[in-house]
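Residue numbers (this note's numbering): 137 to 429.
Next comes the structure, spelled out in structure tokens:
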């Protein structure tokens, strides 16, 4: 049986812990709401930019293939103005801190499973993912990008995009926000031949444009802007999923603390009743002894 002093100390500790968890939960909720609005706006922007880009490719496909041949770009299944290096890269977007639930370990496991079977260069964002990767002792070299868990500098995203854009195949592993209660480990194929073939088969209307200074330079600009925007959106998607996962984790922790508080308060009431019963028994015993004298 725990004495009242120990119960009171534990009640104080748990109450303080509950307040701390609720504070972190509110911070996570605010950041999730902020990121959600950014992600939704970014999706609309990228969709509009992508639609125009696909329409230009549909209208000027023959000219683009001619330019690719002149630039000696071998893979003409994907209409692109960028001469790539023929290599594959896999990027893991994890986190620096904990309290994000199981989303980061799940993503890292999916990432490690993929790179174990696929020859590729490796890049990692986040100290937690870096640690989980190194603990597996895979003896694989990797490039590390030190990004914060929130409010990533656009210049850092641009550096990341410039690193990735020259690869022939790019796979990004991150947590995708489905709902507050559901975050899904996701692999994004950034430059997918299958997606390109589907886009080319769509019956898009032929539209004539005036290009200044040239079709090649306009397409190059479009491609670089779309790529950088996609990388930025993916980083923001990962942030959104992490904070949603943190909210769920902290909410669960709050419920556990509430349950522990309820159990302690129940124990405290039982102790108080025992003390009252003991005092009453002592009082009755004293009265009985006085009556015998």
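For each residue, glycine too, the CB sits at the ideal point set by N, CA and C.
Enclosing alpha helix (DSSP H) for residue i [first to last residue]
i: residue 269; result: 263-271
i: residue 295; result: 290-300
Own chain residues within Cβ distance below 8 Å of residue i, not counting five before or after
i: residue 383; result: 161, 164, 165, 168, 316
i: residue 182; result: 362, 365, 366, 369
i: residue 224; result: 254, 255, 256, 257, 303, 304, 305, 306, 307
i: residue 265; result: 228, 229, 230, 231, 240, 243, 244, 247
i: residue 390; result: 154, 157, 158, 161
i: residue 292; result: 281, 283
Among the options, nearest to residue i - alpha-carbon criterion
i: residue 267; options: 295, 231, 357, 284; result: 231
i: residue 323; options: 190, 180, 251, 146; result: 251
i: residue 203; options: 217, 247, 372, 223; result: 217
i: residue 325; options: 274, 309, 376, 344; result: 309
i: residue 373; options: 408, 397, 314; result: 314
i: residue 396; options: 151, 242, 407; result: 151
i: residue 276; options: 417, 259, 348, 411; result: 259
i: residue 297; options: 398, 390, 359, 190; result: 359
i: residue 226; options: 327, 173, 291; result: 327
i: residue 188; options: 344, 209, 170; result: 344
i: residue 321; options: 407, 190, 378, 404; result: 378
i: residue 144; options: 282, 274, 399; result: 399
Short CB-CB distance (under 8 Å) between residue i and chain B
i: residue 232; result: Reference to chain B is not applicable here, since this structure consists of a single protein chain.
Same chain, Cβ closer than 6 Å to residue i, five either side skipped, listed in chain order
i: residue 262; result: 230, 231, 232
i: residue 288; result: 371
i: residue 301; result: 363
i: residue 386; result: 157, 160, 161
i: residue 274; result: none
i: residue 417; result: none
Continuous beta strand (DSSP E) stretch holding residue i: start and end
i: residue 318; result: 318-325
i: residue 313; result: 305-315
i: residue 281; result: 279-281
Same chain, Cβ closer than 7 Å to residue i, neighbours up to 5 away in sequence not counted
i: residue 199; result: 351
i: residue 193; result: 200, 215
i: residue 171; result: 372, 375, 376, 379
i: residue 209; result: 216, 219
i: residue 237; result: 381, 382, 384, 385
Span separating the alpha-carbon of residue i from that of residue j
i: residue 272; j: residue 402; result: 46 Å
i: residue 433; j: residue 256; result: Past the boundaries of the shown model lies residue 433; the chain is included only from 137 to 429, so the question cannot be answered.
i: residue 332; j: residue 156; result: Bear in mind that the predicted position of residue 332 carries a pLDDT of just 49, short of 50, making it unreliable; the figure below should be weighed with that in mind. Distance between the alpha carbons of residue 332 and residue 156: 49 Å.
i: residue 249; j: residue 221; result: 24 Å
i: residue 319; j: residue 380; result: 7 Å
i: residue 196; j: residue 294; result: 28 Å
i: residue 147; j: residue 244; result: 38 Å
i: residue 334; j: residue 392; result: For residue 334, the pLDDT reaches just 46, beneath the cut-off of 50, and the residue's location in the model is therefore unreliable, although a value from the coordinates is still provided. Rounded to the nearest angstrom, the two C-alpha atoms are 49 Å apart.
i: residue 413; j: residue 159; result: 41 Å
i: residue 153; j: residue 307; result: 40 Å
i: residue 234; j: residue 247; result: 18 Å
i: residue 284; j: residue 394; result: 32 Å
i: residue 279; j: residue 228; result: 10 Å
i: residue 141; j: residue 409; result: 15 Å
i: residue 290; j: residue 355; result: 22 Å
i: residue 177; j: residue 191; result: 22 Å
i: residue 286; j: residue 415; result: 59 Å
i: residue 348; j: residue 206; result: 20 Å
i: residue 388; j: residue 149; result: 18 Å
i: residue 281; j: residue 269; result: 14 Å
i: residue 179; j: residue 173; result: 10 Å
i: residue 311; j: residue 353; result: 34 Å
i: residue 175; j: residue 405; result: 50 Å
i: residue 419; j: residue 411; result: 12 Å
i: residue 299; j: residue 357; result: 17 Å
Mind listing, in chain order, the continuous beta strand (DSSP E) runs of no fewer than 3 residues lying wholly within the stretch 171-257?
224-229
Unbroken alpha helix (DSSP H) runs of length 4 or more, entirely within the stretch 351-410: which are they?
none
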